[in-house]
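Residues 19 to 119, numbered by the working numbering, are exactly what the sequence shown covers, in order.
Don't be surprised by glycine CBs; every beta carbon is placed ideally from N, CA and C.
Here the structure is a predicted model, which means the values were calculated and not measured.
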Amino acid sequence: MEALRSVPELQTILLEEQDAKQRALAHLELSWIALREGRRDSAVRHLREAVALDRTLNQARLRLRELGESPRAQAIVAATRSAREGRGPVRRALRRVFQRD
């Protein structure tokens, strides 16, 4: 989906809008712009803000999953990283992640 508003307009919404849903949608649009410009980290930040403001905004949640930013994906990365750094076996760390479901 293409952004319908300009970056300055979206930034104004973030600063002045009282409605959390509208601010969440502005973050969602800013994430699309960031992705189109190749700024993945910025897009992820905007998507996380969108979800924090509106937990029902499924477009933001789905895009985070597509980018490998789901809570489960983050837990797997953290578990393998800690195992590589000598803080425990990978198998045990991953078992803990998958037992959360």
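The alpha helix (DSSP H) spanning residue i covers which residue range?
i, result
"leucine 43", "38 to 54"
"aspartate 72", "Unbroken run through aspartate 72: none, as it is neither H nor E."
"glutamate 84", "76 to 84"
Can you find the residues in the same chain that come closer than 6 Å, C-beta to C-beta, to residue i, ignoring five residues on each side of it along the sequence?
i, result
"leucine 22", "none"
"glutamate 27", "none"
Please work out which residues of its chain come closer than 8 Å, Cβ to Cβ, to residue i, disregarding the five sequence neighbours upstream and downstream, and give them in chain order.
i, result
"leucine 85", "Arg58, Ala61, Val62 and Leu65"
"alanine 69", "A quick correction: the sequence has valine, not alanine, at residue 69. Result list for valine 69: Ala42, Leu75, Ala78, Arg79 and Leu82, in chain order."
Between which residues of its own chain and residue i is the CB-CB distance below 7 Å, once the five residues before and five after are set aside?
i, result
"arginine 41", "Ile31, Leu32, Glu35 and Leu71"
Can you tell me whether residue i is helix, strand or coil according to DSSP?
i, result
"serine 24", "coil"
"arginine 66", "helix"
"arginine 57", "coil"
"glutamate 34", "helix"
Using the rule of at least 16 other Cβ atoms within 10 Å of the residue's Cβ for burial, across every protein chain shown, is residue i buried or exposed?
i, result
"alanine 78", "buried"
"leucine 46", "buried"
"leucine 43", "buried"
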